[in-house]
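Asker: Have a look at this one before I ask anything.
Numbering (the UniProt record's numbering), first residue to last: 1 to 64.
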């Protein structure tokens, strides 16, 4: 069972928005080259770990 809750907490949403504001290239989703796709996967994995360790809201994988 992956999810504690179906919806993200307000704290998780604020962290995600802040993260994407600091990495607009990730929010745009334009990963056309192999290096860009690797960089994008690493960034999503990083934010996923941070959001899941928050302890509130839902837990997701970086693919979700």
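Don't be surprised by glycine CBs; every beta carbon is placed ideally from N, CA and C.
To which residues of the same chain is residue 16 closer than 6 angstroms at the C-beta, ignoring the five residues directly before and after it?
Answerer: So the list is empty, once near-sequence residues are dropped.
Asker: Near residue 44, which residues of its chain fall below 7 angstroms by C-beta distance, leaving aside the five closest residues on each side in sequence?
Answerer: 62
Asker: Is it buried or exposed, residue 1, if we count other Cβ atoms within 10 angstroms and call 16 or more buried?
Answerer: Residue placement at residue 1 is flagged as unreliable, the pLDDT there being 44, under the threshold of 50; a coordinate-derived value is accordingly withheld.
Asker: Please say whether residue 22 and residue 58 have beta carbons closer to each other than 9 angstroms?
Answerer: Not in contact: residue 58 and residue 22 (Cβ atoms no closer than 9 angstroms).
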